[in-house]
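The sequence shown begins at 43 in this note's numbering and counts up one residue at a time. Step one of this worksheet: look at the structure below.
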Amino acid sequence: MSVNEKLQPHVGEILARILEPMGLDHWRITIKVGPCRDEENNERCRGSTHADPEYSQATINMDVEELETGEDVEEYVIHEATHIPTWWLHQAAEDLANAWADSAPKPLMHAIRKYAQEQVRRAAEKSVTDLGHSFLRLFRRLWAAEAEIKQLKGDLKIARKQAVPPEK
Ligand SMILES: [Zn+2]
């Protein structure tokens, strides 16, 4: 069994826990855990997300095998999911980059498109990474608090059973 096959249920579990709090529970999201190729340069990549906000549909492709040892699957899944709510902005920036390139004099067109698209890609990745880290921190606090509540409820149940009823 490959690492991707082994981790597929774990990725699904993480998504199931984060989509509702991230406001993405009404989206139709297709998840593929397996080899993934970058749309632009066709190189093998760790993850790629494509969203269609108009129809609330998205595809997340993750290659868990490409993660370095010690890298966090939760962080990685949250990062890909964070691309979804920021997609409108990413798309608008890309359209603007293309419009700029299209209006440039022909000899410069290719260079301007390449430059503008790289700027958009970098800005999108940086903001999604930062936002994803914020989500990750908040989720970790939420999950720790939920675990603590669960533990306390269990302790309370035991304490109630052991309590001696007051004498009348
Ligand atoms: Zn990304």
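Virtual Cβ for every residue (Gly too), placed ideally from N, Cα, C.
Please return the same chain residues whose Cβ sits closer than 8 Å to the Cβ of residue i, not counting the five positions on each side in sequence.
i	result
D105	N46, V75, G76, P77, C78, R86, C87, R88 and G89
S169	T128
V53	I73, V75, M104, V106, V115 and V119
Would you identify the three-state DSSP class for residue i, choosing helix, strand or coil?
i	result
N103	strand
G89	strand
K210	coil
D94	strand
T124	helix
Tell me the rounded alpha-carbon separation between residue i and residue j.
i	j	result
P95	W130	7 Å
R70	S98	6 Å
D137	I73	26 Å
K192	L198	10 Å
I200	A189	17 Å
E160	E167	10 Å
K48	V206	49 Å
E113	H125	19 Å
M43	Q50	11 Å
L173	A93	17 Å
L109	I102	16 Å
G65	Q133	20 Å
W185	K156	42 Å
L194	A100	38 Å
A58	A123	11 Å
I56	A135	30 Å
Ligand 1 and residue i: does the residue's C-beta get closer than 8 Å to at least one heavy atom of that ligand?
i	result
A166	yes
T91	yes
H121	yes
H152	no
T101	no
V45	no
H125	yes
V75	no
What does a CB cutoff of less than 7 Å around residue i pick up in its chain, not counting 5 residues either side in sequence?
i	result
A158	A139, W142 and A143
Within the same chain, show all residues whose beta-carbon is closer than 6 Å to that of residue i, passing over the 5 residues directly before and after it, in chain order.
i	result
G196	none
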